[in-house]
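Colleague: Structure incoming, see below.
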Amino acid sequence: MVNIKKIILVFIIASVSTLSLSAASGFEAIINVPIGLSVGFQNYKLTKEAERYKDYIKNEVDLNSSIGFDIGVSAQLGYMIQVKEGFGISVLAEIGYSHDSYSFTFVNNKKENHSFTTESLQVGLLPKFNIGAFSIGVGGGVKIPFVIKASSKYDGKKMDSPINFDKKISNNIKSPVMGYVKLTFDYSIFFTDYTAFNIGLYAGYDFGFSMTDKVLRQDAGNKTFEYMNFSSFDIGLQLGFKFGPKA
């Protein structure tokens, strides 16, 4: 009899605790606007035939990293589970628009700047750890470009780009999907129990894209590169509006 009372008491306590946590948990939605800078990286591999000319080729095509501009807007939707008072875990799906830049200067001519810009659909997953009004997110996903452009400048003035870009995406890059990872830090200023203004920082890495033989002007034979791809490291500020419970 005593054991049954203990079991019932434990069940009641557990039920009350669960209901309490469920009340504090709930649906979460965030409109997020990241604004930041990017640092571009170039990576390529020469064919065996081209290796003998590598010093000449490097002088012609090697690019130094430069600074670009990124911006976007996304919706983060999901659910926050309150583990204990002041601490909760959010699992959020993310979908939105992303403008990304990959900027470079020529190794042998610092005045000559080349950049690529992509306009993409962004889809990903962003789990967050909520500690009071702070949250830390670690996530990733893919960016699917619907526009990609190349531009060139010499001493700040526009010039014809040596990159032969086409309006059709598939003629420019080998894969229509680009991966990314990111780390976010946010602080929520709550106006009510369920609405807040978010301000924070983010850092991320875009795995970027590989050029097609057509863009590299080697589709007619005499291949110089096994591949050439571009990626970027991104960092910046993000602002947002949050609907969801406090941790």
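So the mapping is simple: this note's numbering equals the position in the sequence shown, first residue as 1, plus 66. Even for Gly, the Cβ is constructed at its ideal location relative to N, Cα and C.
Mapping the DSSP letters down to three states, classify residue 124 as helix, strand or coil.
Modeller: In this structure, residue 124 counts as helix in the three-state DSSP scheme.
Colleague: Secondary structure at residue 88, three-state DSSP: helix, strand or coil?
Modeller: Model confidence at residue 88 stands at a pLDDT of 39, short of 50, so the residue's coordinates are unreliable; what they give is reported in the following sentence. In the structure shown, residue 88 sits in a helix (DSSP, three-state: H, G or I).
Colleague: With the cut-off set at 7 Å, would you say residue 138 and residue 154 are in Cβ contact?
Modeller: Contact: no.
Colleague: For residue 88, count the other beta carbons within 10 Å of its own beta carbon; 16 or more makes it buried, fewer makes it exposed. Which is it?
Modeller: Since pLDDT at residue 88 reaches only 39, below the 50 mark, its modelled position is unreliable, and no value is offered.
Colleague: Could you give the distance in angstroms between the alpha-carbon of residue 132 and the alpha-carbon of residue 303?
Modeller: Spanning the two alpha carbons is a distance of roughly 19 Å.
Colleague: My output table needs one value for residue 236: the three-state DSSP class, helix, strand or coil.
Modeller: Note: residue 236 maps to helix in three-state DSSP.
Colleague: Apart from the five residues just before and just after residue 277, which ones in its own chain have a Cβ nearer than 6 Å to its Cβ?
Modeller: 294.
Colleague: Which term fits residue 203, buried or exposed, when burial requires 16 or more other beta carbons within 10 angstroms of its beta carbon?
Modeller: Per the 10 Å Cβ criterion, buried.
Colleague: Which residue marks the beginning of the beta strand (DSSP E) containing residue 272, and which one marks its end?
Modeller: Unbroken beta strand (DSSP E) run through residue 272: 261 to 276.
Colleague: Does the distance from the CB of residue 244 to the CB of residue 215 come in under 7 Å?
Modeller: Not in contact: residue 244 and residue 215 (Cβ atoms no closer than 7 Å).
Colleague: To test your reading of the DSSP string, which unbroken beta strand (DSSP E) runs of 3 or more residues are found completely within the segment 133 to 218?
Modeller: Qualifying beta strand (DSSP E) stretches, in chain order: 133 to 150, 153 to 172, 175 to 197.
Colleague: Where does residue 308 sit, in a helix, a strand or coil, going by DSSP?
Modeller: Correct three-state label for residue 308: strand.
Colleague: Beta-carbon within less than 6 Å of residue 160's beta-carbon, same chain only, minus the 5 sequence neighbours each way: which residues are those?
Modeller: Answer for residue 160: 140, 142, 190, 192, listed in chain order.
Colleague: I need the DSSP call for residue 301, collapsed to helix, strand or coil.
Modeller: In this structure, residue 301 counts as strand in the three-state DSSP scheme.
Colleague: Please classify residue 292: does DSSP put it in a helix, a strand, or coil?
Modeller: Note: residue 292 maps to strand in three-state DSSP.
Colleague: Output yes or no for whether 7 Å exceeds the beta carbon distance between residue 171 and residue 130.
Modeller: In this structure, residue 130 lies closer than 7 Å to residue 171 by Cβ.
Colleague: Taking 8 Å as the threshold, find out whether the segment 238 to 256 comes into contact with the segment 264 to 277 through three or more Cβ pairs.
Modeller: Touching, yes, given that three or more Cβ pairs across the two stretches are closer than 8 Å.
Colleague: Taking all protein chains shown into account, decide if residue 316 is buried (16 or more other Cβ within 10 angstroms of its Cβ) or exposed.
Modeller: Outside the displayed range of the chain (67 to 313) lies residue 316, so it cannot be described from this structure.
Colleague: Which residues does DSSP pair with residue 242 in a beta bridge?
Modeller: Its beta-bridge partners do not exist; DSSP assigns none.
Colleague: For the beta strand (DSSP E) holding residue 129, just list the boundary residues, first then last.
Modeller: Run containing residue 129: 129 to 131, per the beta strand (DSSP E) assignment.
Colleague: For residue 94, which three-state DSSP category applies?
Modeller: DSSP places residue 94 in strand when its eight states are reduced to three.
Colleague: Leaving aside the five residues before and after residue 106 along the sequence, list all residues of the same chain whose C-beta is less than 7 Å from its C-beta, in chain order.
Modeller: Same-chain partners within the cutoff: 131, 132, 134, 168, 169, 170, 296, 298.
Colleague: Between the Cα of residue 272 and the Cα atoms of 128, 165, 265, which residue gives the shortest distance?
Modeller: Residue 272 has its Cα closest to that of 165, out of 128, 165, 265.
Colleague: Please report the Cβ distance between residue 252 and residue 266, rounded to the nearest whole angstrom; I am assuming they are in contact, meaning their Cβ atoms lie under 8 Å.
Modeller: About 3 Å; that satisfies the 8 Å criterion.
Colleague: Could you tell me how far apart the beta carbons of residue 211 and residue 186 are, in whole angstroms, since I believe they sit closer than 8 Å?
Modeller: Confirmed, about 4 Å.
Colleague: What's the C-alpha gap between residue 250 and residue 268?
Modeller: Taking the straight line from one Cα to the other gives about 4 Å.
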